[in-house]
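K.L.:
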Amino acid sequence: MEEAVTTRMPLIGDDAPAFKANSTQGVINFPDDYKGKWVILFSHPADFTPVCTTEFMTFATMQEEFKKLNVELIGLSVDGLFSHIAWLRTIKEKIEWKGMKNVEVTFPLIDDIKMEVAKKYGMIQPNASTTQAVRAVFIIDDKAKVRCILYYPQSTGRNFDEIKRIVIALQKADAEGIATPADWRPGDDVIIPPPGSCGAAQERVEQQDDDYYCLDWFLCFRREKK
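In terms of the numbering used here, the sequence shown is residues 10 to 235.
(1) Which residues in the same chain as ALA182 place their Cβ atom closer than 8 Å to its Cβ, once the five residues preceding and following it in sequence are excluded?
(2) Helix, strand or coil for PHE116, going by three-state DSSP, please let me know.
(3) Of the choices PHE169, TRP96, TRP47, GLU215, whose alpha-carbon is the least far from that of ASP120?
(4) Starting from ILE83 and walking both ways along the beta strand (DSSP E), at which residues does that stretch end?
(5) Residues in the same chain with beta-carbon distance under 8 Å from ASP197, minus the five sequence neighbours each way, listed in chain order, please.
(6) Which word fits PRO195, buried or exposed, when buried means at least 16 other C-beta atoms lie within 10 angstroms of its C-beta?
(7) How is MET239 classed by DSSP in three states: helix, strand or coil?
(8) Less than 8 Å between C-beta atoms, sequence neighbours within five positions excluded: which residues of the same chain meet that for THR139?
(9) Which ranges does the alpha helix (DSSP H) cover as unbroken runs of at least 4 residues, wholly within the region 134-215, from first to last along the chain?
(10) Going by beta carbon distance, what residues of the same chain come within less than 7 Å of ASP56, once the five residues before and after it are set aside?
(11) Our contact map puts ALA178 next to SER52 with C-beta atoms below 8 Å; I'd like the distance itself, whole angstroms only.
(12) So LYS46 and ASN38 are supposed to be a Cβ contact under 8 Å. How far apart are they, rounded?
(13) Pull up the distance between the alpha-carbon of VAL176 and that of ARG167, whole angstroms please.
(14) Measuring alpha carbon to alpha carbon, tell me which residue in THR67, GLY108, LEU50 is nearest VAL80.
(15) Considering only residues of the same chain and omitting the five flanking positions on each side of LEU78, which have a CB-CB separation below 6 Å?
(16) Look up ALA55 in the DSSP assignment and say whether it is helix, strand or coil.
(17) With DSSP as the reference, label LYS234 as helix, strand or coil.
(18) Might you give, ordered along the chain, the residues of its own chain that have their beta carbon closer than 7 Å to the beta carbon of TYR221, omitting 5 neighbours on each side?
(19) Flag this pair as yes or no: are the beta carbons of TYR130 and PRO26 separated by less than 9 Å?
(20) If I measure Cβ to Cβ from GLN217 and keep anything under 7 Å in the same chain, skipping five residues before and after, which residues do I get?
(21) Between which two residues does the beta strand (DSSP E) containing LYS29 stretch?
(22) Is it buried or exposed, VAL114, if we count other Cβ atoms within 10 angstroms and call 16 or more buried?
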């Protein structure tokens, strides 16, 4: 009996799997075409589906916001290129939703009929569907490392403000060596790393100033300038 071939999905901290694929914007060679860029790679179940339509309109209208964060968008489904083109034309020419209309999707949408890319990223989950990708989101940094993975069921549209918030938080953590607390938004105070010794812990608590404050020795915040 022939064994089924399984592919382990990438985990946080792994190199994002490389691939070459056709898309609505031409051939993509990932990660070579995106050197020095952050990437959001996201999958959707199928073209001409209601939830996906609202998601693509939202991503397209936020594309410039992501570009300002050095982030490029790549969509994927297991439909073919001609289906992709027809669907994106329909969105631009016919769909108006939440004040969005004449929305043109200019980021690439991958043609993945053979499911090669989807399988590399664990986007095909048989208990959900063997013929459609789930709603996966991979946030990949400028060194082509997977930094965040989000999965949504087919019935639930993604929260795009949250996706953007995660990117900002990750970039800030990288640049400043901090962490962000629950429900953090840009401008909120951030967490500084715990001290490495008992002496440092005591010193930190005793020497609080205008720049930082501690709730306990292990939980200290840096004040963000307003």
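The C-beta atom is built at its ideal place from N, Cα and C for all residues, glycine as well.
P.N.:
For this structure:
(1) ALA188, THR189
(2) coil
(3) TRP96
(4) 80-86
(5) THR189, PRO190, GLU233
(6) exposed
(7) One cannot answer for residue 239 here, as it falls past the ends of the chain, which runs 10 to 235.
(8) The predicted model places THR139 with a pLDDT of 47, which falls under 50 and marks its position as unreliable, so this point remains unresolved.
(9) Taking only runs of at least 4 residues, the alpha helix (DSSP H) segments lying wholly in the region 134-215 are 169-185, 207-215.
(10) The answer, listed in chain order, is SER86, ASP88, SER92, HIS93, TRP96.
(11) That belief does not hold up - the Cβ atoms of ALA178 and SER52 are roughly 23 Å apart, past 8 Å.
(12) Incorrect: roughly 13 Å between the Cβ atoms, too far for contact.
(13) It is roughly 15 Å from the alpha-carbon of VAL176 to the alpha-carbon of ARG167.
(14) The residue with the shortest Cα to Cα distance from VAL80 is LEU50.
(15) VAL176
(16) coil
(17) In this structure, LYS234 counts as coil in the three-state DSSP scheme.
(18) Spatial neighbours of TYR221 in its own chain (CB-CB distance under 7 Å, excluding positions within 5 residues in sequence) are listed in chain order as ILE201, CYS229, PHE230, ARG231, ARG232.
(19) yes
(20) Counting only Cβ-Cβ distances below 7 Å, and skipping sequence neighbours, we find CYS223.
(21) 28-30
(22) buried
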